[in-house]
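Report on the structure given below.
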DNA sequence: GCGTGATGCAACGAAATCGTCACCCCCTCC
DNA sequence: GGAGGGGGTGACGATTTCGTTGCATCACGC
């Protein structure tokens, strides 16, 4: 999740890699042998493992298989380090399901590039933080709102208000409920602020402003389809 | 709180339910028959409908279908009241899409429990959208940030910035990346705005400000544990 | 150490945002 | 159709928030 695990039996190599990673802004932890590597992978849940194939005792292939066989580590991306020219190693590595490989000796630059590439590739999409109903799309990660694909500028308060309404489509939300959720006001407070913000929202929604319906005496409601009659 | 619509032809039952709901803090309105029920549901937009299946003229199934066919009421949760032992009624009811059912005679306690359960279920949006790392908790729904449980006021920009950093803990985000994600700036723009906001964030984070580390020449990084390398 | 470039920081003015108020309209119930 | 209450709307001032600027400070390569 946060760090990169370097597995190599040569300390010089580990230090070299760690240094370059650090310069590029990555944290790293190191393991000198396969057994330690597997343990650290399970415990520290790194974002990526850089794995040398030449290891004493438990070699890189064995480490790799072990990682893939444990649910805690089976999805971790692995960048394999192979000796130059050993083509069969490359082939075996990739066919086993490694995410990439790089040959020794390698240039630091290339290493970083590959690391970034892998992380970019495997980086999880934002955890379903997009609310989408019809033409409405609310991106909670970037606090952005799109209407029919076109971005619409909303202030933070407007965003929260719209989100509160859209979260329960078709259901009326009481004024006090909305004031609580958006402003944090306790009940019993009487204010016209809500009305004003509803108005501003409707304006920004243009023709779709009617999707926010007034429920007299209760509050407001977001409807997914504007109803006729 | 929210209004609940009670639909039953027997006045005694309606009163009984209404009384218990009231004691539990809910408001209620009542309809003695299906036609009235549909009208009231459209007009009053209740948060929940308690619907008896045995009704004169328009029976519960018909009411239910009618509700689902109208956009104003199609999303309303329905709690069905069925006669005891009529298993086929339960099956039909649930397969139609009712949110829950309860058999007559029922205990008031159980009724309230189910009502609360449904409201809880339907009020919470499907996506809880809370990012939590260590003492840090970001609530994307309410744009609120808590540090060790205590709320900390962040502006919308600060919230987005912190979110961007926290989304990939331990990994440095480049300046251009952050400017793109938070401000929507394209690259090549040179500005000190990012620095300033990082500073303001660190201030508001107090002692935890050091969790945002500077990666010289690259950008910034959020670390879950202070200092490591 | 020294110099260079990157970052930290404080202050400031501009702009956006917010909440309130007054006034009007509309709906609903007599 | 009249009264009363709730909601719509426009305007305004206060506040918050933002991005920039200038200068101090720091890290890193030499």
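Protein chains in written order, with my numbering: chain R, 32 to 260; chain D, 32 to 260.
Note that beta-carbon positions come from the ideal geometry of N, C-alpha and C, so glycine has one too.
Quick caveat, the model's predicted, so the values are computed rather than measured.
If you draw a straight line from the C-alpha of residue i to the C-alpha of residue j, how long is it?
i, j, result
"residue 216 of chain R", "residue 207 of chain R", "8 Å"
"residue 35 of chain R", "residue 227 of chain D", "30 Å"
"residue 41 of chain R", "residue 90 of chain R", "14 Å"
"residue 178 of chain R", "residue 168 of chain R", "6 Å"
"residue 140 of chain D", "residue 57 of chain D", "14 Å"
"residue 166 of chain R", "residue 172 of chain R", "18 Å"
"residue 113 of chain R", "residue 53 of chain R", "22 Å"
"residue 99 of chain R", "residue 66 of chain R", "14 Å"
"residue 88 of chain D", "residue 47 of chain D", "23 Å"
"residue 248 of chain R", "residue 74 of chain D", "11 Å"
"residue 68 of chain R", "residue 95 of chain R", "10 Å"
"residue 233 of chain R", "residue 222 of chain D", "34 Å"
"residue 203 of chain D", "residue 254 of chain R", "42 Å"
"residue 104 of chain R", "residue 190 of chain D", "32 Å"
"residue 176 of chain D", "residue 162 of chain D", "10 Å"
"residue 137 of chain R", "residue 107 of chain R", "22 Å"
"residue 62 of chain D", "residue 183 of chain R", "42 Å"
"residue 196 of chain D", "residue 49 of chain R", "22 Å"
"residue 192 of chain R", "residue 64 of chain R", "55 Å"
"residue 142 of chain R", "residue 150 of chain R", "12 Å"
"residue 3 of chain R", "residue 239 of chain D", "Nothing about residue 3 of chain R can be read from this structure; chain R reaches only from 32 to 260."
"residue 160 of chain R", "residue 220 of chain R", "32 Å"
Using a Cβ cut-off of 8 Å (strictly closer), state whether residue i contacts chain R.
i, result
"residue 242 of chain D", "no"
"residue 96 of chain D", "no"
"residue 172 of chain D", "yes"
"residue 187 of chain D", "yes"
"residue 250 of chain D", "yes"
"residue 160 of chain D", "yes"
"residue 76 of chain D", "yes"
"residue 169 of chain D", "no"
"residue 70 of chain D", "no"
"residue 203 of chain D", "yes"
"residue 194 of chain D", "yes"
Since I believe residue j is in contact with residue i (beta carbons under 8 Å), could you give me their beta-carbon distance rounded to a whole number of angstroms?
i, j, result
"residue 188 of chain D", "residue 213 of chain D", "7 Å"
"residue 198 of chain R", "residue 250 of chain R", "Rounded, the Cβ-Cβ distance is 14 Å, inconsistent with contact."
"residue 80 of chain D", "residue 146 of chain D", "Residue 80 of chain D to residue 146 of chain D, Cβ: 11 Å. No contact."
"residue 185 of chain D", "residue 235 of chain D", "7 Å"
"residue 200 of chain D", "residue 164 of chain D", "6 Å"
Measuring alpha carbon to alpha carbon, tell me which of the options ends up nearest residue i.
i, options, result
"residue 181 of chain D", "D/237, D/194, D/89 and D/133", "D/237"
"residue 109 of chain R", "R/192, R/148, R/160 and R/40", "R/148"
"residue 144 of chain D", "D/51, D/231 and D/135", "D/51"
"residue 93 of chain D", "D/191, D/111, D/173 and D/77", "D/111"
"residue 97 of chain D", "D/85, D/72 and D/243", "D/72"
"residue 86 of chain D", "D/44, D/74 and D/170", "D/44"
"residue 77 of chain R", "R/59, R/221 and R/222", "R/59"
"residue 224 of chain D", "D/82, D/210, D/233 and D/234", "D/210"
"residue 241 of chain D", "D/195, D/252 and D/247", "D/252"
"residue 194 of chain D", "R/174, R/131 and R/230", "R/174"
"residue 134 of chain D", "D/150, D/83 and D/170", "D/83"
State yes or no: is the beta carbon of residue i nearer than 8 Å to at least one beta carbon in chain D?
i, result
"residue 87 of chain R", "no"
"residue 55 of chain R", "yes"
"residue 200 of chain R", "yes"
"residue 246 of chain R", "yes"
"residue 107 of chain R", "no"
"residue 19 of chain R", "Lying before the first or after the last residue shown, residue 19 of chain R is absent from chain R, which here runs from 32 to 260."
"residue 156 of chain R", "Since pLDDT at residue 156 of chain R reaches only 46, below the 50 mark, its modelled position is unreliable, and no value is offered."
"residue 34 of chain R", "yes"
"residue 191 of chain R", "yes"
"residue 144 of chain R", "no"
"residue 221 of chain R", "no"
"residue 73 of chain R", "no"
"residue 44 of chain R", "no"
"residue 47 of chain R", "no"
"residue 37 of chain R", "no"
"residue 236 of chain R", "no"
"residue 232 of chain R", "no"
"residue 110 of chain R", "no"
"residue 150 of chain R", "yes"
Would you say the beta carbon of residue i comes nearer than 7 Å to a heavy atom of the ligand ZN?
i, result
"residue 78 of chain D", "You won't find the ligand ZN in this model; it holds no ligand whatsoever."
| Residue ranges of each beta strand (DSSP E) run of no fewer than 3 residues wholly in the segment 50-101 of chain D, ordered along the chain? | 58-62 and 79-83
| task | Return the chain-ordered ranges of every beta strand (DSSP E) run that is complete within the segment 201-249 of chain R and spans a minimum of 3 residues. | result | 203-205 and 243-246
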